[in-house]
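Per the numbering used here, the very first residue in the sequence shown carries number 13; after that it's consecutive. C-beta: ideal position from N, C-alpha, C; glycine also.
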Amino acid sequence: MTQLVLINPKSPTNVGGVMRAAGCYGAQRVWYTGERYGYARKFATDTKQRVDEIPLEALASLADIKTAQTRIVAVELVDGATPLPFYEHPENAIYVFGPEDGSLKQDVLSICDDVVYIPTTGCMNLAATVNVVLYDRTAKSQHTDYSREFILKNRDTNNRVKVK
């Protein structure tokens, strides 16, 4: 099971991008903390309307969803974090992402079981970061479907191009 937590997200555009990524990569739930997204929610750009399929809910505290069955994984460019290419994703994970205009605070990192970072020069956009982490999880999974049938089922309805 894959869940996402967005700590005080600022941009409804990014939350829309996160919802699209959640749908593309099979995340089951997205949580958010803070007040900012609640005020801007009506402006979200979830072009695939994933919010109709995937719960997007307010969360008071990360501690409220911590269980023995899941690992909480912070994604933050901090000293001591594990580079994402070397990280082995747990079966049941809750990935925690910081705000677009800040970093995860120590109290949040202290609740997390693991901290990973994407080796980039500088910080990435929130939605882009979620896409990279979920792609990495999918690419490393033994359950990923690489079949032709998968491509045919999931490509855009206007795409009928083939490699010859």
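Would you identify the three-state DSSP class for LEU18, choosing helix, strand or coil?
In the structure shown, LEU18 adopts extended strand secondary structure according to DSSP, grouped into three states.
With ARG41 as the anchor, note down where its alpha helix (DSSP H) starts and where it stops.
Element bounds for ARG41: not the alpha helix (DSSP H) but the beta strand (DSSP E), 41-44.
Start and end of the beta strand (DSSP E) containing TYR158?
No beta strand (DSSP E) holds TYR158; DSSP gives it neither H nor E.
Since VAL142 contacts ALA33 with CB under 8 Å, what's their CB separation in whole angstroms?
In this structure VAL142 is in contact with ALA33, their Cβ atoms being roughly 5 Å apart against a cut-off of 8 Å.
How about VAL30 and LEU138: are their beta carbons less than 8 Å apart?
Taking 8 Å as the Cβ cut-off, VAL30 and LEU138 qualify as a contacting pair.
Measure the Cβ-Cβ separation of ILE66 and VAL42 and say whether it is below 8 Å.
yes
Along the chain, where does the alpha helix (DSSP H) that runs through LEU121 open and close?
118-123
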